[in-house]
Structure formats: structure tokens, C-alpha cells
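Undergrad:
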Amino acid sequence: MTDQEVDITPELLLNAYAAGIFPMSEDRDDDTLFWVEPDERCIIPLNQFHVSKRLARTVKRDHFDVYINKDFRGVMQGCAEAAAGRETTWISKRIEDLYCTLNEMGYAHSVECYSYGELVGGLYGVCIAGAFFGESMFHRESDASKVALVHLVGRMKAGGYTLLDAQFKTDHLGQFGAIEVPKKEYKARLEDAMHTEADFHVFPTVTSGKTVLQPTTQTS
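Those letters in the sequence shown? Residues 3 to 222, per this note's numbering, in order.
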């Protein structure tokens, strides 16, 4: 179903996420949105999150300066950039504006990696109760998006979250322990998360890699 029948507002977006539905667009310049509810949903179980020893060393060394919500729009624009094998994006300018409003309302967050003051990678998503709905990630330097994900999971585990939704499974996410679950199971996990109190700001805006790795113990 497209949005031609209803006006999409930030409040409607929050209700949709709480019901297991999220919007997408056909390309960057398309103002039309459509609703998506996959039969198989990708999640990253927080108690099974996997970090390689090599990546753990990179995180612990604080190779990047990692912030939250310093440049939310910049992260969205980074995620919308053309990349190898992807000439267009589902992150339209309309979606960018809607999610920036959610960020201003406190319901969307970004995790950002900087090198010498330049934004080189990160991720963003929607945050409701005990669930974080990951939307997209990008990198301009090797490991930047991976480091952002480790920081996100460490913050989620310390903050009492129960659900990390990744929408669609990829090989990239699989290396961290991502799995697919049927819609019925996802809805049950989502219902539990909606009744969970969690704190995204359990850590300061700038947090060391050593701190976020403490709740994240599975390495190889």
C-alpha cells in the first residue's frame, strides 16, 4: 500500500513501527512511500551478538571518535549515497525529513564515526521503548559502520533493550549473528519490547570503545 491514501506524519510512523511495519521509497527523488512488512524479519539477538577479535581490537583502540546524534541528517545522507552495486536508494528526501523530525522528537538516533573531524561512517534507526529499528548504515573508511554497530549494541545491552530489528538479512549482518524469524515470532518479540523500559542515553554522547565492549562479550 502506498501513502496516497493517508498523510504520513512522524506520529503515524511511530505507530507503524510499533505494529511491525516500516516505510520505504523507490528512489532518492520519489516522494511516494510504501509500507513494508516482511514475512521473514531479520533481527540481531543481543545475547548472540558476535564481534571478531580483530574488530574488538579496533573498537578498543578508539580508532574512530564515536558520537551519537551529532549529525543525524549527515548520517542519513551518507546512507543515501550511491555505492558499489547500488546506484539508487530507498532513502528519499521525504524520508530524510521525516526521520530528522523523529530525531528531534527523541525517537530516532544515529551512531557516528569520525576520523580527524570528518564523518566517515555510521548508522541510524528508530527507537521505541525496548526496541531499536535499524534503518541503514554506511562507511567511507574501512570498519567505520562495523564500529558504529558495536557501539550501538553495547549501548543497547547496557540500556536494557531487548530487540534489535535489522529488517532484511545480508551477509554483512550475518557475521554479527543476525538471524531471520517468521512474522509471528517477530511480532511476539516486538510486543515484549514495547512493554520494556530502556535508556538509549545510558552512556554519554561520546563513549570509549572499552566501555561499549564490556556488555558485548562474544568474540572469536
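Glycine is no exception: its CB is placed at the ideal position from the N, C-alpha and C atoms.
Kindly list the residues whose CB is nearer than 8 Å to the CB of G132, restricted to its own chain and excluding five residues on each side of it in sequence; keep chain order.
TA: Reading the sequence shown from its first residue, position 130 is the one you call residue 132. So the list reads G162, Y163, T164, L165, D194, A195, M196, H197, T198, E199 and A200, once near-sequence residues are dropped.
Undergrad: So for E193, helix, strand or coil by DSSP?
TA: Position 191 of the sequence shown holds residue 193. Looking at E193 - three-state DSSP - the assignment turns out to be helix.
Undergrad: Mapping DSSP to helix, strand and coil, what is G28?
TA: As a position in the sequence shown, residue 28 is number 26, starting the count at 1. According to the sequence displayed, residue 28 carries Glu and not Gly. Note: E28 maps to coil in three-state DSSP.
Undergrad: Please classify R191 as buried or exposed, where buried requires at least 16 other C-beta atoms within 10 Å of its C-beta.
TA: In the sequence shown, counting from the first residue as 1, residue 191 sits at position 189. Burial check for R191: the Cβ neighbour count within 10 Å reaches 16 or more, so the residue is buried.
Undergrad: Tell me whether F134 is buried or exposed, calling it buried when 16 or more other Cβ atoms sit within 10 Å of its Cβ.
TA: Mapped onto the sequence shown, residue 134 falls at position 132. F134 should be labelled buried.
Undergrad: What beta strand (DSSP E) runs, 3 residues minimum, are completely inside the stretch 90-136?
TA: 110-117 and 120-130
Undergrad: Does DSSP put F74 in a helix, in a strand, or in coil?
TA: Taking the first residue of the sequence shown as position 1, residue 74 is located at position 72. F74 falls in the helix class under three-state DSSP.
Undergrad: With H, G and I counted as helix, E and B as strand and the rest as coil, what does DSSP make of P206?
TA: For the purposes of this step, residue 206 is identified with residue 204 of the sequence shown, where counting begins at 1. It is coil, neither helix nor strand.
Undergrad: Is A150 near L175, with beta carbons less than 8 Å apart?
TA: Stepping through the sequence shown from its first residue, residue 150 is reached at position 148. Stepping through the sequence shown from its first residue, residue 175 is reached at position 173. Contact: no.
Undergrad: Please state whether DSSP places P40 in a helix, a strand or coil.
TA: If you number the sequence shown from 1, residue 40 lands on position 38. Note: P40 maps to coil in three-state DSSP.
Undergrad: When the Cα of R157 is compared with those of Q216, A20 and R96, which residue comes out closest?
TA: Within the sequence shown, the letter at position 155 stands for residue 157. Checked all of Q216, A20 and R96; the closest Cα to R157 is Q216.
Undergrad: Grab me the residues of G123's own chain with a C-beta within less than 7 Å of its C-beta, minus the 5 sequence neighbours each way, in chain order.
TA: Within the sequence shown, numbered from 1, the residue matching residue 123 stands at position 121. Closer than 7 Å at the Cβ level, and outside the excluded window around G123, lie C115, F140, H141, R142, E143, A146, S147 and A150.
Undergrad: Per DSSP, E181 forms a beta bridge with which residues?
TA: Along the sequence shown, read from residue 1 onward, the residue named residue 181 stands at position 179. Residue identity differs from the one stated: residue 181 is Ile in this sequence, not Glu. I181 is bridged to I45.
Undergrad: For V130 versus A20, is the C-beta spacing smaller than 8 Å?
TA: Residue 130 sits at position 128 when you count from the first residue of the sequence shown. Residue 20 sits at position 18 when you count from the first residue of the sequence shown. The question names Val, but residue 130 in the sequence shown is Ile. In this structure, A20 lies closer than 8 Å to I130 by Cβ.
Undergrad: Quick check on E42: buried or exposed, where buried means 16 or more other Cβ atoms within 10 Å of its Cβ?
TA: Sequence index remark: in the sequence shown, residue 42 carries index 40 (1-based). Answer is exposed; the Cβ neighbour count stays below 16.
Undergrad: Please identify the residue among E28, P40 and H65 whose C-alpha is closest to the C-alpha of S210.
TA: Residue 210 sits at position 208 when you count from the first residue of the sequence shown. Per the Cα distances, H65.
Undergrad: Compare the Cα-Cα distances from K72 to each of R96, A58 and E106 and report the closest residue.
TA: Within the sequence shown, residue 72 is the residue found at index 70, counting from 1. Residue E106 holds the alpha-carbon nearest to the alpha-carbon of K72 among R96, A58 and E106.
Undergrad: With a threshold of 16 other CB atoms inside 10 Å of the CB of K185, please say whether the residue is buried or exposed.
TA: Counting from 1 along the sequence shown, the entry for residue 185 is found at position 183. By the neighbour-count rule (16 or more Cβ atoms within 10 Å), K185 is not buried but exposed.
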